[in-house]
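Residue numbers (my numbering): 6 to 402. To start, the structure itself, in structure tokens.
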Ligand code: AMP
């Protein structure tokens, strides 16, 4: 059975086709500049075939038509017809308090995803466009499934997800912590339990998703009990361009000083802050590491700050769960930056967590703690697309 996985943005569309008989990725690709001049598709088949072209994509419908052409007719085709695809799985960023798990997209569900756009204005409206374009391109018979970034975090208790604001902001506007990256945290914590040969129900796991966006989640007995991202993916600790948690009075002070609107503040905190803002070099971890090596003090400071904040979040989640059995690193930085892992783990020895220096240099899925470490340390590459495909398969079966 083949599942088509879609991750749609307002002007982009990432996709994979996965054969669920062996969980093999048959092809993956990206449509960019949807709705603007210069739309293009870049498509790669697992057999090495590549199809790249500029073609007009005024809406997501034309983007899907370009994808179908790439998959079924181009030199890099991987199937004869889209009829071979059993279902479509969509990554949806915000499921609010409504969606506690993945679901088949009915007209009612689509309406709810649309209304939740108020809580994720950059993402949910784009997902709705993509779902509607799929209905137009593939018809209503092809089942579509929504897999939410937030649903894994729905098990958080109120004491973790409520903000200490006047209660009416929760009741009137649903302002609370929702978290993000849930599909990734769920995937790697599951895999961690498998690697440890234990039931997830018996484990306390802290998962660190460290990429351009970063979040840390406390998973107790297989359930998320707290996570660092909040009302939006801006919360938590510093990321490539995002602030993470700030003192709210710093925000009002800067707004008054520079006479900034909420939209301008949003832009500064989402796009100009974090590693980029402090280092002044780049949002890309590799560039900042290189600059720090060359003696750039602000780059070095940005890296130190991020490590310090990660260490503090891990510590707080050990406290929240009253212990920890494993810490997992994933995401572009978590999977690839051995020095970051070394620096973070240097402050986990109080837990009896000991890094094995040699294992830490290995690539891929690897246990990086020593054999006598009381807490297991792992690098587990995340695979959100596969997780979406698995949920989609389970629902359409
Ligand atoms: P992601 O958002 O998960 O794709 O992660 C992107 C981040 O991972 C960027 O900051 C990259 O610089 C970082 N990254 C990717 N590969 C490496 C690497 N080999 N070493 C250090 N950082 C890396």
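We put the CB at the ideal spot given by N, CA and C, even for glycine. This one's a predicted model, so the numbers in the text were calculated from it and none came from an experiment.
If I follow the unbroken alpha helix (DSSP H) through residue 69, where does it start and stop? 65-77
Just the Cα atoms here: how many angstroms apart are residue 18 and residue 140? 15 Å
Three-state secondary structure (DSSP) at residue 276? helix
Pairwise C-alpha distance: residue 246 and residue 59: 30 Å
Where the beta carbon is closer than 5 Å to any heavy atom of ligand 1, which residues qualify, in chain order? 216, 217, 289, 290, 291, 336, 337, 338, 341 and 342
Would you call residue 238 buried or exposed, if buried means 16 or more other Cβ atoms sit within 10 Å of its Cβ? buried
Under 8 Å: do the segment 350-360 and the segment 159-179 share three or more Cβ pairs, one atom per stretch? no
Shortest alpha-carbon distance to residue 80 belongs to which of 91, 333 and 47? 47
What residue range is occupied by the uninterrupted alpha helix (DSSP H) comprising residue 337? 336-341
Check whether the segment 49-64 touches the segment 78-96, taking contact to mean three or more Cβ pairs, one atom from each stretch, closer than 8 Å. yes
Over what stretch of residues does the beta strand (DSSP E) that includes residue 91 continue unbroken? 90-97
Inter-residue spacing [alpha-carbon to alpha-carbon] between residue 174 and residue 213: 30 Å
If residue 335 sits next to residue 193, beta carbons under 8 Å apart, how far is it from one beta carbon to the other, in whole angstroms? 5 Å
Would you report the Cα separation of residue 62 and residue 136, rounded to the nearest angstrom? 16 Å
On the DSSP letters alone, give me the boundaries of the alpha helix (DSSP H) that residue 24 sits inside. Looking at the DSSP string, residue 24 is not in any alpha helix (DSSP H); the run it does join, the beta strand (DSSP E), is 18-24.
Between the segment 149-156 and the segment 107-121, are three or more C-beta pairs nearer than 8 Å? yes
Looking only at C-alpha atoms, which of 116, 33, 12 and 41 sits nearest to residue 49? 33
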